[in-house]
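Using our numbering, you'd call the opening residue of the sequence shown number 12 and step up by one each time.
Think of the CB as a built atom: it goes at the ideal place given N, C-alpha and C, for glycine as much as any other residue.
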Amino acid sequence: MNSTQATTEAAPPTAKPAGPDDALEARLLAIEAAARFHNVELDREELRYRRGTQPEPAALVAWVRDGGLWAKAVRMRFGQLLKIEVASPVILLLRDGSAAILTTADPARNIVWLKDPRAPSSDPPVAVDELRLSQVWSGETLLIRAIRDLTDENAPFSFLWVWGVVRHEHKLLRDMFFGSFALSLLTLVPPLIVMTTLNRVLTYRSVSTLALVGIFFTIALLYETLLNYTRRKIIYVVGARVDAKISLHIFKRMLRLPLDFFEKQQAGEITYKINQVNKIRDFLTGKMMSTMLDMVALLVLIPVIFVMQPTLAWITLVCAGLIALIIMIFMGPVSRAIGRWIQAETQKSSVLVETLHGIRTVKSLALEPQQRDLWDRRTATSVQLKLEASDLANWPQTLVNPLEGVMSRGVVLLGALLAITTPGSVDPGTLIGFMMIAGRVAAPLIGIARLMDDLQEVRLAVGFVQSVINNKPESANPSAGLRPKIEGALQFNGVNYTYPGTKARALDGVTFEVPVGTMLGLVGKSGSGKSTIARLMQGITRDYEGYLKLDGTDLREINLAHLRRNLGVVLQENFLFRGTIRENIIAGRPGLTLTDAVRAARLAGAEEFIERMPNGYETWIEEGSPNLSGGQRQRLAIARALIHDPRLLILDEATSALDPESEALVNANLTRIGKGRTMVIVSHRLTSLTDCDQILVLEKGKVLDMAPHSVLLERCSVYRQLWLQQNRHLERPAPPRGGVAVLAQGD
Ligand SMILES: Nc1ncnc2c1ncn2[C@@H]1O[C@H](COP(=O)(O)OP(=O)(O)OP(=O)(O)O)[C@@H](O)[C@H]1O
Ligand SMILES: [Mg+2]
Numbered sequence: 012m013n014s015t016q017a018t019t020e021a022a023p024p025t026a027k028p029a030g031p032d033d034a035l036e037a038r039l040l041a042i043e044a045a046a047r048f049h050n051v052e053l054d055r056e057e058l059r060y061r062r063g064t065q066p067e068p069a070a071l072v073a074w075v076r077d078g079g080l081w082a083k084a085v086r087m088r089f090g091q092l093l094k095i096e097v098a099s100p101v102i103l104l105l106r107d108g109s110a111a112i113l114t115t116a117d118p119a120r121n122i123v124w125l126k127d128p129r130a131p132s133s134d135p136p137v138a139v140d141e142l143r144l145s146q147v148w149s150g151e152t153l154l155i156r157a158i159r160d161l162t163d164e165n166a167p168f169s170f171l172w173v174w175g176v177v178r179h180e181h182k183l184l185r186d187m188f189f190g191s192f193a194l195s196l197l198t199l200v201p202p203l204i205v206m207t208t209l210n211r212v213l214t215y216r217s218v219s220t221l222a223l224v225g226i227f228f229t230i231a232l233l234y235e236t237l238l239n240y241t242r243r244k245i246i247y248v249v250g251a252r253v254d255a256k257i258s259l260h261i262f263k264r265m266l267r268l269p270l271d272f273f274e275k276q277q278a279g280e281i282t283y284k285i286n287q288v289n290k291i292r293d294f295l296t297g298k299m300m301s302t303m304l305d306m307v308a309l310l311v312l313i314p315v316i317f318v319m320q321p322t323l324a325w326i327t328l329v330c331a332g333l334i335a336l337i338i339m340i341f342m343g344p345v346s347r348a349i350g351r352w353i354q355a356e357t358q359k360s361s362v363l364v365e366t367l368h369g370i371r372t373v374k375s376l377a378l379e380p381q382q383r384d385l386w387d388r389r390t391a392t393s394v395q396l397k398l399e400a401s402d403l404a405n406w407p408q409t410l411v412n413p414l415e416g417v418m419s420r421g422v423v424l425l426g427a428l429l430a431i432t433t434p435g436s437v438d439p440g441t442l443i444g445f446m447m448i449a450g451r452v453a454a455p456l457i458g459i460a461r462l463m464d465d466l467q468e469v470r471l472a473v474g475f476v477q478s479v480i481n482n483k484p485e486s487a488n489p490s491a492g493l494r495p496k497i498e499g500a501l502q503f504n505g506v507n508y509t510y511p512g513t514k515a516r517a518l519d520g521v522t523f524e525v526p527v528g529t530m531l532g533l534v535g536k537s538g539s540g541k542s543t544i545a546r547l548m549q550g551i552t553r554d555y556e557g558y559l560k561l562d563g564t565d566l567r568e569i570n571l572a573h574l575r576r577n578l579g580v581v582l583q584e585n586f587l588f589r590g591t592i593r594e595n596i597i598a599g600r601p602g603l604t605l606t607d608a609v610r611a612a613r614l615a616g617a618e619e620f621i622e623r624m625p626n627g628y629e630t631w632i633e634e635g636s637p638n639l640s641g642g643q644r645q646r647l648a649i650a651r652a653l654i655h656d657p658r659l660l661i662l663d664e665a666t667s668a669l670d671p672e673s674e675a676l677v678n679a680n681l682t683r684i685g686k687g688r689t690m691v692i693v694s695h696r697l698t699s700l701t702d703c704d705q706i707l708v709l710e711k712g713k714v715l716d717m718a719p720h721s722v723l724l725e726r727c728s729v730y731r732q733l734w735l736q737q738n739r740h741l742e743r744p745a746p747p748r749g750g751v752a753v754l755a756q757g758d
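Structure follows, in structure tokens:
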């Protein structure tokens with residue numbers, strides 16, 4: 012009875028004719044509810060950064076995964092829905108673009124209970140049968156679960172981790188194992204044929220046996236070709252997949268590292284170290300894989316040689332053992348020598364990077380000879396160490412050579428000797444056959460020994476990658492944290508901060524508070540801690556003492572991405588990406604158009620020069636923007652910071668590098684820019700701060716005073732001194748602002 016009643020009642024998601032926005036809203040609500048079930052707050056902003064306004068299931072899955080949950084989009088049938096154990100919400104993606112949440116399934120009555128995500132949570136779920144559901148649902152389902160262990164995402168990088176990624180391809184690896192096994196059986200064919208030819212065909216002059224052998228040989232050859240083709244294919248498919256996985260992972264982890272890390276290390280060094288991951292991958296999917304596969308052959312070959320001739324088989328094995336021993340002995344010293352060489356290579360490459368990075372300075376100061384000299388010396392060291400390492404590595408190879416010869420060819424002589432001394436123990440065919448197989452036994456054994464050699468280099472590579480990737484990330488879980496609406500009220504309370512590795516406090520008991528919409532100037536001598544305050548506000552460093560609150564919320568509690576998305580920051584030096592002016596202003600923010608770019612440019616005082624450019628907003632900027640003046644670059648950076656209308660704008664010496672005219676242009680706009688938002692302006696030129704609501708004076712990390720310009724002139728001697736230093740020329744003629752008049756009286 013209940014079921015008939017249920018079927019007459021339409022499922023809520025289908026009942027309302029949903030518009031596309033409404034439908035999407037339902038989908039997002041459903042997913043958010045499912046995530047909340049696992050105590051994860053998803054950020055819609057994140058989804059906007061994934062392509063498209065109508066997100067594909069794949070984008071939704073990625074969104075949920077970025078939030079730290081397990082998600083998968085699957086296609087299910089009604090029967091499967093009935094059987095599903097609803098331990099956590101299951102989301103049905105409906106045809107109209109909306110979604111429904113499956114709460115329970117009732118296989119006995121053939122119905123499922125669904126909830127409309129838009130309905131109030133007090134509403135009971137609705138029962139739906141197969142027919143009704145099939146009208147609105149094509150089978151697309153989103154499964155969301157908590158991740159039981161975060162190992163994959165947060166596990167430290169190590170050789171084992173990479174090996175885990177390789178092992179993940181176990182199906183392909185298994186195919187490869189069987190393929191190799193089959194191949195090694197086939198490798199027995201040529202020796203067997205030679206044996207047969209020598210022993211039977213030649214002895215009995217049997218043409219029919221020869222023909223048979225010929226046919227057998229041809230078939231085996233075809234098989235071998237095919238198997239080899241497949242094996243190579245599997246190896247490179249596995250290689251490509253592992254490569255993609257590792258690359259994605261490494262890049263993601265690198266982006267999560269804090270800014271401090273990048274400031275401490277040269278970009279070139281980081282690049283070099285990260286690129287070492289290619290070595291690890293090549294090793295695992297190349298040499299190691301093929302050696303392992305060759306090892307499979309030993310399973311077949313070793314028993315066969317013992318059956319053929321035990322004495323010769325023992326000789327072969329002893330030689331192989333000696334080879335392994337030699338290589339093991341040399342392994343340590345050789346790898347240390349290689350390590351020294353790699354160290355020198357790193358130092359050498361850092362000269363290259365430094366020179367390229369500072370090529371302007373190098374050229375303008377005519378530092379070429381010094382840089383060349385440095386490069387020469389580093390190259391010499393590197394070459395020297397490389398020679399030493401190669402010299403050392405040459406020894407095991409040299410010693411192994413004769414043993415290898417004995418294994419593959421010497422056995423013939425020994426076999427012949429054996430045949431003479433103990434007649435009947437070896438016949439000529441067996442001898443030749445044995446020789447051919449023994450060669451195949453030697454190859455993987457030597458391969459293994461060589462592998463050990465490479466393993467050292469790979470271990471070094473792992474160390475390099477680890478030294479970058481395994482640093483503490485900026486936040487353990489990028490999706491964690493509050494996402495309050497940011498208005499811009501700022502509060503520092505007893506903030507102390509000491510840069511790691513230094514003794515003196517960069518900030519010492521900094522306490523101040525400004526309400527929403529304040530234009531706050533920060534002044535102080537060089538090194539007084541102005542930039543440090545700006546850094547703390549951006550969450551670049553979070554290990555300060557005391558409290559830093561944004562609209563009353565502790566900054567450490569706020570989600571980092573959310574915080575930075577709501578800030579606008581302009582520094583003294585700003586990086587413009589390759590692309591058009593419009594693209595640079597919009598900077599990949601979704602949903603923004605040329606109109607927004609124009610508005611931001613106008614506010615930043617950049618409109619005037621952009622419109623004079625040959626292609627206007629479509630003018631192409633090269634990396635490092637050589638075709639723009641410093642002032643133009645800076646105004647673009649300000650426009651970029653303003654494009655998303657941030658409530659809190661930080662300008663750290665943003666106008667310091669500008670010529671007076673451009674500075675005046677930007678300054679004239681500052682009041683306009685500051686309308687409706689909090690602005691923190693760090694500047695050395697006090698004239699540009701006279702309009703600020705409040706000016707904070709810092710000295711050696713301590714707050715000396717905070718007041719408007721005119722008040723500070725009166726009561727803060729440090730501020731007065733700074734002002735006087737910069738504005739002596741203004742003293743005698745009519746002062747521009749009341750402040751100086753006050754000062755003149757005070758003096
Ligand atoms: N990355 C860093 N590592 C170590 N110490 C630092 C670092 N950055 C700044 N400091 C130190 O912290 C103090 C404050 O530096 P900060 O950059 O905040 O000064 P500032 O007022 O912005 O100076 P300037 O006007 O020159 O930009 C200085 O004594 C400086 O030596
Ligand atoms: Mg500074």
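Can you tell me whether residue i sits near ligand 1, meaning its C-beta is under 7 angstroms from at least one heavy atom of the ligand?
| i | result |
| --- | --- |
| A391 | no |
| K541 | yes |
| T513 | yes |
| S764 | Nothing can be reported for residue 764: it is not among the residues displayed for the chain, which extend from 12 to 758. |
| A110 | no |
| S537 | yes |
| A517 | yes |
For the candidate residues the options, whose alpha-carbon lies nearest to that of residue i?
| i | options | result |
| --- | --- | --- |
| A37 | Q91, S99, V72, L103 | L103 |
| G642 | F227, R683, T327, V677 | V677 |
| I246 | T207, A231, S301, E274 | S301 |
| E365 | E379, R59, I353 | E379 |
| V423 | W386, G440, V253, G712 | G440 |
| I204 | R389, F445, I632 | F445 |
| G108 | L93, L39, L574 | L39 |
| G86 | P434, G150, A166 | Reading off the sequence shown, one finds Arg at residue 86, where the question assumed Gly. Answer by Cα proximity: G150. |
| M548 | I257, K483, G579, L35 | G579 |
| E356 | R516, T390, R651 | T390 |
| R494 | A41, D127, A34, D54 | D54 |
| N239 | F227, R264, Q276, F188 | F188 |
Helix, strand or coil, according to DSSP, for residue i in the structure here?
| i | result |
| --- | --- |
| T591 | strand |
| V437 | coil |
| F168 | coil |
| R739 | helix |
| R567 | helix |
Which residues mark the beginning and the end of the beta strand (DSSP E) in which residue i is found?
| i | result |
| --- | --- |
| S149 | 148–157 |
| M530 | 530–535 |
| M342 | Here M342 belongs to no beta strand (DSSP E); instead the alpha helix (DSSP H) covers 321–368. |
| T689 | 689–693 |
| Y510 | From DSSP, Y510 is part of no beta strand (DSSP E); its letter is neither H nor E. |
| F523 | 518–525 |
Rounded to whole angstroms, what is the Cα-Cα separation between residue i and residue j?
| i | j | result |
| --- | --- | --- |
| G190 | A46 | 44 angstroms |
| L125 | R106 | 15 angstroms |
| L605 | N121 | 54 angstroms |
| I551 | N507 | 15 angstroms |
| D519 | Y558 | 13 angstroms |
| I706 | S721 | 10 angstroms |
| E674 | E725 | 27 angstroms |
| E235 | H181 | 23 angstroms |
| N680 | D565 | 31 angstroms |
Would you kindly report the start and end of the unbroken alpha helix (DSSP H) that includes residue i?
| i | result |
| --- | --- |
| N286 | 278–286 |
| A718 | Not the alpha helix (DSSP H): A718 falls in the beta strand (DSSP E), residues 713–718. |
| I544 | 541–548 |
| T392 | 379–416 |
So with Cβ pairs under 8 angstroms, would you call residue i a contact of chain C?
| i | result |
| --- | --- |
| H695 | Checking the listed chains, one finds no chain C in this structure; it contains a single protein chain. |
Using a threshold of 7 angstroms, is the CB atom of residue i nearer than that to any non-hydrogen atom of ligand 2?
| i | result |
| --- | --- |
| E274 | no |
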